[in-house]
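One point on numbering: in the working numbering, the residue at position 71 of the sequence shown is 288, and numbering is uninterrupted.
Idealized CB from N, CA, C, for every residue including glycine.
The structure appears below as structure tokens.
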Amino acid sequence: MTVAVCTNCGTLKYGAFSPCEECHARPTTNDEFVRSFAFSDRYLDRATMDEVSEYVRKNGEPPEMTPEAYSLIHKLVVEAKTALRMERMFS
Ligand SMILES: [Zn+2]
């Protein structure tokens with residue numbers, strides 16, 4: 218299963234789109250989906266994820282993504298949501 222950094226508190230959690238066990242935050246907007254997906258082991262190695270985790274703990278928000286990375290992953294998120302009909306689950 219995918220391991221992802223919680224973009225709210227920095228805890229490592231299982232599943233980019235699942236609720237965080239620590240702070241119970243879960244992504245709901247496309248923007249949050251993009252960041253949760255980007256800061257997961259799908260795109261980052263474990264050392265980088267630890268750095269992102271540390272960053273979120275210190276700053277209370279995830280690091281900025283490059284516009285290129287953001288738009289690429291945004292496209293994937295929109296496609297995945299359509300394919301999986303996730304809107305139904307989160308509406
Ligand atoms: Zn959290």
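Same chain only: Cβ atoms within 7 Å of residue i, ignoring 5 sequence neighbours per side
i: HIS187; result: Residue 187 is absent from the structure shown; the chain starts at 218 and stops at 308.
i: SER235; result: ARG243
Assigned exposure category for residue i - 16 Cβ within 10 Å defines buried
i: GLY227; result: buried
i: SER257; result: buried
i: ASN288; result: Looking at the sequence provided, one finds Ser at residue 288 rather than Asn. Exposed, by the Cβ-count rule.
i: ALA264; result: exposed
i: ALA233; result: buried
i: ALA255; result: buried
Residue i CB to nearest heavy atom of ligand 2 below 7 Å
i: ASN225; result: As far as ligands go, the structure on display features ligand 1 and does not contain ligand 2.
Presumed contact (8 Å Cβ cut-off) between residue i and residue j, rounded CB distance
i: MET266; j: VAL222; result: 6 Å
i: THR219; j: ARG259; result: 6 Å
Notebook entry, point to check: With a cut-off of 8 Å, do at least 3 Cβ pairs link the stretch 252 to 270 to the stretch 224 to 243?
Noted result: yes
Note to self: In chain order, what are the residue ranges of uninterrupted beta strand (DSSP E) at least 3 long that sit wholly in the stretch 227 to 274?
What the structure shows: 229 to 231
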